[in-house]
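See structure below.
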Amino acid sequence: KATSFLKASGNLIHRFIVLLVRMVMKFIFGATGKSMPPIKDLTLLESATSLAKKIRTGKIKSVDVVQSFIDRINEVNPLLNCVVDQRFEDALKDAAAADKLIESGQYTENELEKLKPFLGIPITTKDCIGAKGLLNTAGIVARRNVRAEEDSDVMYRMREAGAIPLAITNTSECCMWWESYNKNHGKSCNPYDTNRTVGGSSGGEGCLLSSGGSPFGIGSDIGGSIRMPAFFNGIFGHKPSKFIVSLKGHYPIPKDYELKSFLGIGPMSRYATDLRPMLKILAGENAPKLRLDEPVDISRVRIFYQHDDGGSHLVTPVDPEIKAAMDKVANHFQTTLKAKVQKVRFDKLRKSAPIWFANMKAKDAPGFDQEITGYTGKINPPFELLKWLIGFSDHTLIGILTALFENIGVQYGDPKQKHLVEQRDKLLDEIQNLLGDDGVLIYPTHPTP
339 KATSFLKASG
349 NLIHRFIVLL
359 VRMVMKFIFG
369 ATGKSMPPIK
379 DLTLLESATS
389 LAKKIRTGKI
399 KSVDVVQSFI
409 DRINEVNPLL
419 NCVVDQRFED
429 ALKDAAAADK
439 LIESGQYTEN
449 ELEKLKPFLG
459 IPITTKDCIG
469 AKGLLNTAGI
479 VARRNVRAEE
489 DSDVMYRMRE
499 AGAIPLAITN
509 TSECCMWWES
519 YNKNHGKSCN
529 PYDTNRTVGG
539 SSGGEGCLLS
549 SGGSPFGIGS
559 DIGGSIRMPA
569 FFNGIFGHKP
579 SKFIVSLKGH
589 YPIPKDYELK
599 SFLGIGPMSR
609 YATDLRPMLK
619 ILAGENAPKL
629 RLDEPVDISR
639 VRIFYQHDDG
649 GSHLVTPVDP
659 EIKAAMDKVA
669 NHFQTTLKAK
679 VQKVRFDKLR
689 KSAPIWFANM
699 KAKDAPGFDQ
709 EITGYTGKIN
719 PPFELLKWLI
729 GFSDHTLIGI
739 LTALFENIGV
749 QYGDPKQKHL
759 VEQRDKLLDE
769 IQNLLGDDGV
779 LIYPTHPTP
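As C-alpha cells, then:
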C-alpha cells in the first residue's frame, strides 16, 4: 500500500510539474511558434544519391544544385538560426570545377560513381567537426573566433568523394546537451514549430537538413547527439560502432580511451538511402568491417523491441503514440517481412542514465568545468551560477549545472561508480547474448514525440 501511494503521489507531482511548465512556456512564447517556409525548389526534395547521379549524367549542374541550397539557407536561417558559418562563394567555385571535370570527359560515368560518388553535392556539418577555414568553436565562448586549420578526417574523406563543404551548423555548449544553444550563436529552433527544440548536440545540423537547407551532413554523438536531433527533426541519423569512423578533427575529444570509445561521428540525412553510401566513405579503411554491401534476408533477422525502461515517479512516461508506432513497426517486420519479432525487457535500462554518467568518469581526465572554458582555465560552478543569475556568465545554465553536478556527483573510483560500471558490463552482456549476430533491438529515442 505504501509503495502504491508513493507511486500515485509521484505521478501526480510529475503531472502537476509538466502542466505548470507548459502553462508558463505557453504564456511566454505562445501556444505555437512559426514554421519554415514551404519548399518550392524541387531540387531540395531529392536525396544526395539521386542528385549525384543527375550531376554525373549531365542532367543538372552542380552549380545550380549548390545555389539552390544556398538560397534555401538564406531563406530559413533568419527564422531557425541553424547555420553559424558558411563558404558560399568558395562552394560555388568548387561546384563549377566539378561541372568542368564532368564536361571534360576525363572520367566515364561509372568511373566517377566509383571514384567520386558524391561529386558536386553540398554537405554541412556541426560546429565541432573541422572544415578548413570555417568556425570550429563547439559553442564555447573561449573558442568564439577559432577556425579549423585543416579538414577533419571525415570532411577530408567526403571532399575526396566529391562533396562540397557548404556551411557549419549550431550545437550546444561543448556539445553536451540535447538542445542546441550556446552564448556564441544563440538557440536553434525547430523547423516545424520554432517554439520546439531541435535537440542536441547536432541539433543545428538536424534542423538544417529537415528544413531542406542541406542534402546530407555529418554529426557526432556521445550520449544521443545524432539520435535525438534526428528524432526531433524527422530525419535519419546513424551513430556507428566505436572507432569505426576517425575522430581526428573533432573538438572536443575525450582524453581517456574509454571515454573516447563512447564518441562516434556519423551520417545524417533526409533520406535513409544516403546513410549507407555516406557511411562507407566516412569509415574509410574500416568500411569492410561493416559488410555494408552484403545482402540481408530480413526474414532471418530477429527483431526485439522494448517500449520503455519501466518508468519512474518523476520521469515522463513514453508517449502512447511512440509505443503505437513501435508496435506498428514490429508488426510490419513480422507480417510483411516474415521476421521473428519478440517483445523483451532489460530491467537494467532503468539505471541507464546513472550508468552513462558513471561511465563519463575517468582517472585523471579533465572535468567539464575545464572543458567549457576550452581548457583555458577552470570555472567555479557555484560562483558561475551566481554570475549567470545576474547576466554576467559566458556559459549556459545547463553547462554550469552539468559542471556542478559532475563535481558533487559520483566520482571516479567511488564504490557507487564501480557498481554502476559493473551494471553496465552486465547489461552489455545481456544485450549481446540476446542479439548475437542476427538480432536488432528497437528502443525509443525519447519519451515524447
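Per this note's numbering, the sequence shown starts with residue 339, numbered consecutively.
We put the beta carbon where it would ideally sit given N, CA and C, even for glycine.
Keep in mind it's a predicted model, so treat the numbers as computed, not measured.
When DSSP states are grouped into helix, strand and coil, asparagine 669 belongs to the helix group. For phenylalanine 407, the enclosing alpha helix (DSSP H) has its first and last residue at 400-418. When DSSP states are grouped into helix, strand and coil, glutamine 770 belongs to the helix group.
Taking C-alpha positions only, isoleucine 746 is separated from lysine 470 by approximately 39 angstroms. The Cβ-Cβ distance between proline 578 and glycine 561 does not fall below 8 angstroms. The C-beta separation of glycine 542 from serine 518 comes to about 5 angstroms, placing the pair in contact by the 8 angstroms criterion. Ranked by Cα distance from aspartate 646, the options Arg638, Pro655, Arg640, Val639 are led by Pro655. When Cβ pairs closer than 8 angstroms are counted between the two stretches, the stretch 425-444 is seen not to touch the stretch 516-536, the count staying below three. Residue environment analysis places glutamine 424 among the buried positions, since at least 16 neighbouring C-beta atoms fall within 10 angstroms of its C-beta.
Each of Arg608, Ser650, Ala696 was checked against the Cα of glycine 572, and the nearest Cα belongs to Arg608. Checking the DSSP bridge columns, you'll see isoleucine 582 has no partner listed.
Between proline 633 and the set Ile641, Lys364, Arg614, the nearest pair of CA atoms involves Arg614.
Spatial neighbours of isoleucine 736 in its own chain (CB-CB distance under 7 angstroms, excluding positions within 5 residues in sequence) are listed in chain order as Trp515.
By alpha-carbon distance to leucine 601, the top candidate from Leu358, Pro658, Asn697 is Asn697. Distances from the alpha-carbon of arginine 360 to those of Arg565, Gly575, Glu511, Arg534 put Arg534 closest.
As computed with DSSP, threonine 507 is found in a beta bridge with Val421, Lys464. DSSP places glycine 737 in the uninterrupted alpha helix (DSSP H) bounded by 735-746.
Three or more Cβ pairs closer than 8 angstroms define a contact, and the stretch 409-429 falls short of that threshold against the stretch 383-400. By the beta-carbon neighbour count (other beta carbons within 10 angstroms, threshold 16), asparagine 508 is buried. Unbroken beta strand (DSSP E) runs of no fewer than 3 residues, entirely contained in the stretch 594-668, are found at 602-607, 640-643, following chain order. Contact between valine 484 and isoleucine 467 is absent: CB atoms are separated by about 13 angstroms, not below the 8 angstroms threshold. Considering only Asp594, Gly458, Pro719, Ser690, the residue with the shortest C-alpha distance to lysine 392 is Gly458. As DSSP reads the structure, phenylalanine 695 sits in no beta bridge. Cα atoms of alanine 700 and isoleucine 591: separation of roughly 14 angstroms, rounded to the nearest angstrom. In its chain, beyond the 5 residues on either side, Gly561 have a beta carbon closer than 7 angstroms to the beta carbon of tryptophan 694. Closest option to glycine 705, judged by alpha-carbon separation, among Leu652, Met496, Tyr750: Tyr750. The three-state secondary structure of isoleucine 564, taken from DSSP, is coil.
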